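Novice:
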Amino acid sequence: MNTYRLADLFAEQAARIPDHECLIDGQKRYSYKKVDADSDALAAALRDLGIGTGDRIAVDLPNHAEWVVTLLASAKLGAILVPLNPGLGVREFKYQLRHAEVTVAVTMAHLSDLDYVDLLDEMMSDLPDLQCLVLVGDEEYWYDDRVFQYANLLAQGRGRSVDANLCDPKTTTLAVLYTSGTVGKPKGVVLTHYNLVQTALAAAEPLSLTESDRVLLAVPMFAIFGAHAAIMALTTGATLVLQDLFEPTGVLDLIERENVTICHGVPTMFELIMREPSFPNRDLSIVRTGIVAGSPVSVDLVRRIRKWNDVQIAYGLTETSPTVSMTRDDDPAELRERTVGRPLDGVEVQIVDVKTGDLHGLEAAGELAVRGPNLMAGYHRMPLETERSYTADGFLRTGDVAVVDEAGYVSIVGRISDIIIRGGYKVVPRELEDVLQTHPAVGDACVVGVPNEILGELTCACIIPVEGAIVTGDELRDFCRDMVADYKVPDLVRFFDAFPMTDNGKVKRLELTRVVGLELSVT
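Residues 1203 to 1725 in my numbering are what the sequence shown spells out, letter by letter.
(1) Under the DSSP definition of a beta bridge, which residues are partnered with Y1592?
(2) Figure out for me which residue from L1335, G1428, V1605, E1324 has the closest Cα to the Cα of A1251.
(3) Who pairs with D1227 in a beta bridge, going by DSSP?
(4) Round the Cβ separation of V1605 and A1567 to the nearest angstrom and send it over; I've been treating them as touching at under 8 Å.
(5) In its own chain, which residues sit with a C-beta less than 6 Å from the C-beta of R1477, not counting the 5 before and 5 after it?
(6) Is it buried or exposed, D1320, if we count other Cβ atoms within 10 angstroms and call 16 or more buried?
(7) May I ask which residues mark the beginning and end of the beta strand (DSSP E) holding Q1514?
(8) With a cut-off of 8 Å on the beta carbons, I'd call V1349 and E1268 a contact; round off their distance for me.
(9) Which residue comes first and which comes last in the alpha helix (DSSP H) that contains L1274?
(10) How far does the alpha helix (DSSP H) with F1427 in it reach, from first residue to last?
(11) Grouping DSSP H, G and I as helix and E and B as strand, with all else coil, what is K1690?
(12) Under the rule that 16 or more other beta-carbon atoms within 10 Å means buried, what is K1628, buried or exposed?
(13) CA-CA distance, V1385 and R1484?
(14) Should E1635 be labelled buried (16 or more other beta-carbon atoms within 10 Å of its own) or exposed?
(15) Using the Cβ count rule (16 or more neighbours within 10 Å means buried), how would you classify K1557?
(16) State the Cα-Cα distance for the pair R1617 and P1667, rounded to the nearest angstrom.
(17) Note down, one range per segment and in chain order, each alpha helix (DSSP H) of at least 4 residues found wholly within the region 1465 to 1490.
(18) In whole angstroms, give me the CA-to-CA distance for G1383 and T1588.
(19) Given E1473, which residues of its chain have a CB within under 7 Å of its CB, disregarding the five upstream and five downstream residues?
(20) Please classify M1203 as buried or exposed, where buried requires at least 16 other C-beta atoms within 10 Å of its C-beta.
(21) Can you find at least 3 beta carbon pairs, one from the region 1431 to 1441 and one from the region 1397 to 1417, that sit closer than 8 Å?
(22) Assess, as a yes-or-no matter, whether the region 1203 to 1215 is touched by the region 1355 to 1374 under the definition of 3 or more beta carbon pairs within less than 8 Å.
(23) For E1324, I'd like the list of residues in its chain whose CB is within less than 8 Å of its CB, leaving aside the five on either flank, ordered along the chain.
(24) Quick check: V1542 and I1614, are their CB atoms within less than 7 Å of each other?
(25) Which residue marks the beginning of the beta strand (DSSP E) containing T1401, and which one marks its end?
(26) Report buried or exposed for K1278, applying the criterion of at least 16 other Cβ atoms within 10 angstroms of its Cβ.
(27) Give a yes or no on whether the minimum CB-CB distance between A1516 and chain D is below 7 Å.
(28) For I1426 and P1450, which I take to be in contact (beta-carbon distance under 8 Å), what is that distance rounded to the nearest angstrom?
(29) Per DSSP, which residues does N1654 bridge with? Please list them.
(30) Just to confirm before moving on: does the CB-CB distance between T1600 and L1519 stay below 7 Å?
(31) Go ahead and label M1703 buried or exposed: buried means 16 or more other beta carbons lie within 10 angstroms of its beta carbon, across all protein chains shown.
(32) May I ask which residues mark the beginning and end of the beta strand (DSSP E) holding P1285?
(33) Using only the alpha-carbon positions, how far apart do V1718 and V1652 sit?
(34) Would you mind reading off the limits of the alpha helix (DSSP H) that contains R1218?
(35) Helix, strand or coil for C1648 per DSSP?
(36) Between A1692 and T1661, is the Cβ-Cβ spacing less than 7 Å?
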């Protein structure tokens, strides 16, 4: 492999298999030649608008073909893609655009009940770097010269290309992806071409991914898992079958209709697919494999998935591009069920003491630390947070408690922080608590996670109301819905007169979690 530049590797596939299907998006079908031409056209049109090397291009879309085209156009320009979650609240959306210093945003006119034209028009004065908005869809907007139609830009750039961007893939940023991580404020994870492409190619090997595969992508591409799966397919010549928003019946329909051979997902997605009433009657025999990742997967669940989809269990973080380790077909059966496999080629792992960072021996539980070509370049505009994330010898501290055995198999046994993983998404309690405490009826708030069979964990907001205040759980959930992403809105709200406290005045979160869990078990 002489290059790890995404644009170069995709161009090789487009030249090798030009007429092979690259993307299936509903009724729309795109060959590799078509996607290559569209991304050339978009790159040329954006260059005419002054967008070039190092500029940030936000893409705020569900899983649509335009998302992939924007990724490739950005790579061709040497620009930096900033994927945004369409479910973000207004405050988070504005913060990420400003923090990432986004120059152009590609989105739809109406998305998640928001009018993005009006919203961005109102925000422009607070977003000094944002120059223009590119709208995907058929609606025509003529507000001013900052709003462009995606289709018009393709037409303007058709038949043109941009000069090959001969960047150094090891040092040139391909994307900045936002993650809540282990603190409340979202962090922009800076990932280079080498990080993302090398990790995608390494992860494709255990799946034996080739151009004959048809990959169902219902995992959102704004998250690292989805972006990773897309890059795996695009660099190996596979066909991507897109589902814009995950829906279990639709997944089963797509598998049967499009002859899907690879199906990825977080554990919650697989659980919901298998609970769909028509599941037992579906013909899923063509499904070969996939990745299950994003949150812990039980032995029972992985056994049930493997009855129809022989998935590999993977572990990773946004900061590791994302895959650190993965099971393989030739692993011993018990290890293939109970571990997250062995590290990818070139990736090193070690177990360190949670407090001191001192190295632990084999079979001892401690914090998992990672080093390798998959490690991020750092957190955007957060040098101190970046420095704190590494050990003295360059290993990234993951925040996860793990054990590594003599053969190198990794078992994740817990989390250091109080982060809640709900359906594969991280919810930081402190962030949600800060939002809840701005409500005039809330005196104090503590957010905990409680176990749930489908989502892994539910988010429960424990509230001490202001004396004399009258407020309902639904009112507080509606309040949060306007402030945070939809997956962060509390699933449950419980009211208390007081919280259990430690001697030094901290809430006993574990005890509070047990109280809520006990209440749920008897209701």
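Even for Gly, the Cβ is constructed at its ideal location relative to N, Cα and C.
All of these numbers come straight from a predicted model, not from anything done at the bench.
Specialist: Result, derived from the coordinates:
(1) DSSP lists L1598 as the bridge partner or partners of Y1592.
(2) Here residue 1251 is Leu; the residue named in the question, Ala, does not match the sequence. If you compare the alpha carbons of L1335, G1428, V1605, E1324 with that of L1251, the shortest gap goes to L1335.
(3) Partner residues in the beta bridge of D1227, as assigned by DSSP, are K1230, L1444.
(4) Right, their Cβ atoms sit about 5 Å apart.
(5) Cβ-Cβ distances below 6 Å link R1477 to nothing in the same chain once the five nearest sequence neighbours on each side are left out.
(6) By the neighbour-count rule (16 or more Cβ atoms within 10 Å), D1320 is not buried but exposed.
(7) Counting along the chain, Q1514 sits inside the beta strand (DSSP E) bounded by residues 1514 to 1518.
(8) Wrong, their Cβ atoms sit about 16 Å apart, outside the cutoff.
(9) Annotation for L1274: the continuous alpha helix (DSSP H) segment containing it runs 1267 to 1279.
(10) Residues 1426 to 1438.
(11) Three-state result, K1690: helix.
(12) Per the 10 Å Cβ criterion, buried.
(13) Below a pLDDT of 50, predicted positions are generally treated as unreliable, and V1385, at 45, falls in that range; the measurement from the model is reported next regardless. Approximately 43 Å between the Cα atoms of the pair.
(14) With 16 or more other Cβ atoms within 10 Å, it is buried.
(15) Counting Cβ neighbours within 10 Å, K1557 comes out exposed, since fewer than 16 surround it.
(16) Whole-angstrom Cα-Cα distance: 30 Å.
(17) For the region 1465 to 1490, whole alpha helix (DSSP H) runs of length 4 or above, ordered along the chain, are 1469 to 1477.
(18) For G1383, the pLDDT reaches just 47, beneath the cut-off of 50, and the residue's location in the model is therefore unreliable, although a value from the coordinates is still provided. Looking at the two C-alpha atoms, the distance is approximately 12 Å.
(19) L1503, I1656, listed in sequence order.
(20) Note that M1203 scores a pLDDT of 45, beneath 50, so its modelled location is shaky; the value from the coordinates is reported in the next line. Looking at its Cβ environment, which holds fewer than 16 other Cβ atoms inside 10 Å, M1203 is exposed.
(21) A contact exists between the region 1431 to 1441 and the region 1397 to 1417.
(22) Cβ pair count under 8 Å is three or more, so yes.
(23) Cβ contact annotation for E1324 (same chain, cutoff 8 Å, sequence separation greater than five): none.
(24) In this structure, the beta-carbon distance from V1542 to I1614 falls below 7 Å.
(25) For T1401, there is no enclosing beta strand (DSSP E); the enclosing alpha helix (DSSP H) covers residues 1395 to 1409.
(26) When all chains shown are included, K1278 counts as buried.
(27) Of the protein chains in this structure there is only one, and it is not chain D.
(28) Contact check for I1426 and P1450: beta-carbon distance about 23 Å, past the 8 Å limit, so the pair fails to qualify.
(29) Bridge pairing for N1654: G1658 [DSSP].
(30) Annotated as proximal: T1600 and L1519, with beta-carbon spacing under 7 Å.
(31) It counts as exposed.
(32) Looking at the DSSP string, the run of the beta strand (DSSP E) that includes P1285 is 1282 to 1285.
(33) In this structure, the CA atom of V1718 is about 7 Å from the CA atom of V1652.
(34) First-last of the alpha helix (DSSP H) with R1218: 1208 to 1218.
(35) In the three-state reduction of the DSSP assignment, C1648 falls in the strand class.
(36) The sequence given here places Pro at residue 1692; Ala does not occur at that position. Cβ atoms of P1692 and T1661: closer than 7 Å.
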